[in-house]
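Notes to accompany the following structure.
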Amino acid sequence: MTPKDWSWLGFLTLGALGVWLRDRRWTSEAGDVLPALAGFPLMAWLGAPWRWQPGPFRLSTPALIVSALAAVLGSALGLTVLLAIAWTAALWAWLQPRLAPADQTRIRRLLLLPLASFPWIALDLQPLGWWFRLTGAHATELLYRGLGFEVTREGTHLLVQGMPVEVSAACAGMNALQSVLLAGVFLAYILLGRTKAYSWNLLLLVPLAWFANTARIVTITAAAITWGRDFAMGMFHTWGGLLVLFLMFTACYAAFQWQANFIARRA
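The opening position of the sequence shown corresponds to residue 25 in the working numbering, with each subsequent residue numbered one higher.
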């Protein structure tokens with residue numbers, strides 16, 4: 025690589041640090057958010073072998089335009105997701121001219137990994153967290169009422185058999201959702217990355233995350249009814265977050281593996 029290539033990589037590194045540090049509200053939940061950084065080494069690993077084309081330093085003009093527009097809008101609106109798009113487009117502006125044509129489609133499918141490696145879910149998508157909480161509480165209400173329990177609900181407040189259960193912001197799982205999406209993208213690429221099913225299966229990640237998070241609310245409610253609210257909202261609540269990751273990983277694997285087997289049989 026030329027000195028200009030190394031300079032661009034340095035610019036990308038400083039840009040990534042700038043996006044992470046411009047809004048540090050995520051630091052209060054750093055243990056849940058920082059695992060999102062795994063997207064960068066995951067892309068490097070899954071993208072191997074990297075076959076570079078010789079030639080002078082060049083950048084893709086269309087990708088640079090997208091990067092500049094997203095950066096301006098992101099800075100003006102204060103949206104980390106737009107800044108993450110800007111950074112990812114700047115990365116592709118450098119990668120696209122250097123990749124062998126046969127590798128470009130494969131690597132382009134991996135761009136979701138660096139895009140998901142910035143804390144935009146925790147910073148920008150709090151309304152989605154409220155929706156996760158409200159609909160998860162409603163689904164829990166319907167399930168326990170169907171099982172014969174006495175249930176009342178007001179918003180995200182549940183009363184099950186006289187036991188109060190609050191579906192708090194922590195129960196929305198938004199801070200862990202970044203890691204959940206990374207795990208889903210990783211599995212989708214491993215099992216379906218070379219098929220047309222890869223792209224539209226990425227749309228499944230949000231409903232699968234909702235399913236996993238609702239299962240967490242249902243489980244915590246069961247623990248509160250059985251062993252008491254203090255137990256359910258203590259260490260069990262923390263382990264419930266790990267349950268979300270496990271359920272999401274299992275659901276994604278089952279859905280993607282079934283499709284991979286189906287595509288293989290048809291082929």
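Ideal placement from N, C-alpha and C gives every residue a C-beta, glycine not left out.
For clarity, every value in this text was computed on a predicted model and none was experimentally measured.
{"query": "So M257 is in the beta strand (DSSP E); what residue range does that whole segment cover?", "result": "Run containing M257: none; DSSP gives neither H nor E here."}
{"query": "Buried or exposed: which applies to W116, given that a residue is buried once 16 or more other Cβ atoms fall within 10 Å of its Cβ?", "result": "buried"}
{"query": "Let me know if R133 comes out buried or exposed under the rule of 16 or more other beta-carbons within 10 Å of its beta-carbon.", "result": "buried"}
{"query": "What residue from L119, T245, L41 and E53 has the CA that sits closest to Q77's CA?", "result": "L119"}
{"query": "By DSSP, does T85 sit in helix, in strand, or in coil?", "result": "helix"}
{"query": "Roughly how many angstroms separate the alpha carbons of W69 and L166, rounded to a whole number?", "result": "44 Å"}
{"query": "For D254, count neighbouring C-beta atoms within 10 Å of its own C-beta (all shown protein chains included) and say buried if the count is 16 or more, exposed if not.", "result": "exposed"}
{"query": "Along the beta strand (DSSP E) that carries M187, what are the first and last residues, could you check?", "result": "M187 to E190"}
{"query": "So, using beta-carbon positions, are F81 and T159 closer together than 7 Å?", "result": "no"}
{"query": "Quick check: what's the CA-CA separation for E178 versus L135?", "result": "41 Å"}
{"query": "Can you tell me whether DSSP reads R177 as helix, strand or coil?", "result": "strand"}
{"query": "Alpha helix (DSSP H) containing W74: first to last residue?", "result": "From DSSP, W74 is part of no alpha helix (DSSP H); its letter is neither H nor E."}
{"query": "Relative to the C-alpha of A288, which candidate in L101, A275 and A221 has its C-alpha closest?", "result": "A221"}
{"query": "Under 8 Å: do the stretch 144-157 and the stretch 92-105 share three or more Cβ pairs, one atom per stretch?", "result": "yes"}
{"query": "Please state the DSSP three-state secondary structure of L123.", "result": "strand"}
{"query": "Going by alpha carbons, who is nearest to W224 out of A248, T243 and F280?", "result": "F280"}
{"query": "Among residues of its own chain, excluding the 5 on either side of D29, which ones have a beta-carbon nearer than 7 Å to its beta-carbon?", "result": "F81"}
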